[in-house]
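In our numbering, the protein residues as written are 21 to 443.
Quick reminder that beta carbons are idealized off the backbone N, C-alpha and C, glycines included.
The structure presented is a predicted model; accordingly, all values stated were derived computationally and were not measured.
These notes concern the structure reproduced below.
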RNA sequence: GGAGACUUGUCCGAGUGGUUGAAGGAGCACGCCUGGAAAGUGUGUAUACCCGAAAGGGUAUCAAGGGUUCGAAUCCCUUAGUCUCCGCCA
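Have a look at this one:
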């Protein structure tokens with residue numbers, strides 16, 4: 021979340037920036053500032069009273085020690101008088117802090133200066149289009165037909181086992197997933213990312229830490245019995261590894277990668293968007309996360325974008341990079357680059373990666389800090405990106421690489437897949 | 001899942017109601033010593049919020065939350081976690 025002191029000191033800037041993100045409830049900003057004023061006033065009064073109680077209590081202790089019972093008893097009645105107002109002030113302070121927090125978590129992150137204005141995906145800025153247009157043969161078909169033809173994924177079986185949107189990968193399909201994950205992880209670890217295999221369910225504090233709560237409450241699967249959320253991305257458990265930690269500056273940047281399934285309810289999706297592997301409730305993804313010095317986060321962002329780009333290029337896919345406009349960005353992000361791969365037979369772009377800088381938005385929630393050279397603790401910047409989401413890469417690969425005699429496996433994946441094609 | 005023990009600062013560890021944010025040690029930082037290092041030695045070493053230009057001061061925090069009390073790391077309750085034994089089990 022945004023830092024209170026920053027809001028207090030930059031009220032107009034905050035309102036203006038929220039406008040770029042198309043955030044309507046800018047009145048929240050003034051409510052927060054007013055409430056903060058009250059909070060500080062109440063705390064001052066409360067601290068004052070507490071201080072008196074503490075002093076009096078110490079005196080009682082000393083009097084008791086000296087055996088002056090009567091004087092001690094007199095002090096006690098004095099303290100009792102303070103106690104009532106102390107209790108009231110504490111309650112008031114708690115209420116105010118609760119209200120303040122409730123408002124604060126409803127404010128999204130401020131977009132960085134690079135973020136274009138806009139409301140819808142049409143307003144996103146296309147930074148780059150690259151890669152060769154696949155040349156498909158006359159009878160080329162979308163991936164959902166190829167999947168049937170080569171028996172790679174069984175959606176009906178998933179419906180039987182769980183429900184729609186839970187595909188069952190089979191045979192070469194399962195192996196292709198494994199090959200991709202292995203290859204992506206290999207590239208990430210070679211680039212200095214430490215591999216983690218985190219839990220697939222997280223508690224409320226973790227879901228809150230990365231900003232999924234309260235914003236995306238309805239998008240996550242929830243286990244009420246244990247109060248656990250199924251992770252919508254490994255960003256959640258991986259970034260939360262450092263929740264409530266103070267990192268040594270020398271240990272920055274921290275680079276982590278993880279391969280996990282991701283679970284998303286995707287309520288409200290329908291039609292061609294959810295056909296085949298385009299949008300499912302459970303999918304696998306390899307993620308990269310960085311925790312960096314605040315001065316280095318844009319450098320790190322560029323490096324992550326370049327890294328993901330290299331990955332896609334190595335697969336030989338046609339792709340484009342978008343800088344998302346304010347209205348299309350995520351709640352917690354300051355800037356986001358989306359990667360889309362071209363899906364030759366569907367003739368559409370599929371989002372396969374999203375690389376974001378969260379600046380201090382997540383670290384402020386999670387209290388991830390480092391000690392600077394003056395010994396003062398400062399919030400770090402957090403970033404993450406997909407590298408990559410598997411199903412859409414698979415969809416694109418199948419469609420673009422189909423021939424009349426089978427599907428060609430990209431050269432870099434062949435060692436992991438153990439064959440040059442699917443026939 | 002049942003029974004018991006436990007949860008203190010970066011770490012180890014003392015502390016069963018009274019100036020305890022917390023002894024002692026280790027680690028770390030800086031200084032002295034040294035040709036350099038080790039050893040030795042001195043000083044410092046939590047976080048957040050509030051007041052203050054600063055120096056400094058106040059408040060809170062000994063797993064988390066609540067309670068008893070003038071006063072709680074210390075007593076009581078709830079929750080979470082760790083360990084041991086039993087049960088179950090990939």
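Residue span of the alpha helix (DSSP H) that contains residue i, given as start and end
i: residue 229; result: 224-229
i: residue 80; result: 47-85
i: residue 190; result: First-last for residue 190: undefined, no H or E at that position.
i: residue 39; result: 31-40
i: residue 318; result: 317-334
Alpha carbon of residue i to alpha carbon of residue j, nearest angstrom
i: residue 354; j: residue 210; result: 28 Å
i: residue 430; j: residue 240; result: 34 Å
i: residue 226; j: residue 313; result: 22 Å
i: residue 201; j: residue 151; result: 22 Å
i: residue 287; j: residue 399; result: 34 Å
i: residue 33; j: residue 404; result: 26 Å
i: residue 155; j: residue 432; result: 20 Å
i: residue 31; j: residue 261; result: 33 Å
i: residue 339; j: residue 43; result: 30 Å
i: residue 363; j: residue 219; result: 32 Å
i: residue 116; j: residue 64; result: 14 Å
i: residue 75; j: residue 118; result: 29 Å
i: residue 208; j: residue 311; result: 15 Å
Contact under 9 Å by Cβ, residue i with residue j
i: residue 382; j: residue 229; result: yes
i: residue 293; j: residue 141; result: no
i: residue 309; j: residue 280; result: no
i: residue 170; j: residue 350; result: no
i: residue 135; j: residue 40; result: yes
i: residue 337; j: residue 358; result: no
i: residue 377; j: residue 318; result: yes
i: residue 53; j: residue 28; result: yes
i: residue 109; j: residue 62; result: yes
i: residue 421; j: residue 413; result: no
For residue j and residue i, believed in contact at Cβ under 8 Å, the rounded distance
i: residue 407; j: residue 373; result: 6 Å
i: residue 305; j: residue 410; result: 6 Å
i: residue 390; j: residue 245; result: Actually they do not touch by this definition, with Cβ atoms about 37 Å apart.
i: residue 324; j: residue 375; result: 5 Å
i: residue 387; j: residue 263; result: 7 Å
i: residue 341; j: residue 361; result: Contact doesn't hold; Cβ gap of about 11 Å is too wide.
Status (buried if at least 16 other CB within 10 Å, exposed otherwise) for residue i
i: residue 59; result: buried
i: residue 25; result: exposed
i: residue 231; result: buried
i: residue 252; result: buried
i: residue 139; result: exposed
i: residue 328; result: buried
Residue i: first and last residue of the uninterrupted beta strand (DSSP E) it sits in
i: residue 150; result: 145-150
i: residue 278; result: 274-283
i: residue 426; result: 426-428
i: residue 250; result: 248-250
i: residue 266; result: 266-268
i: residue 404; result: 401-409
i: residue 214; result: 214-216
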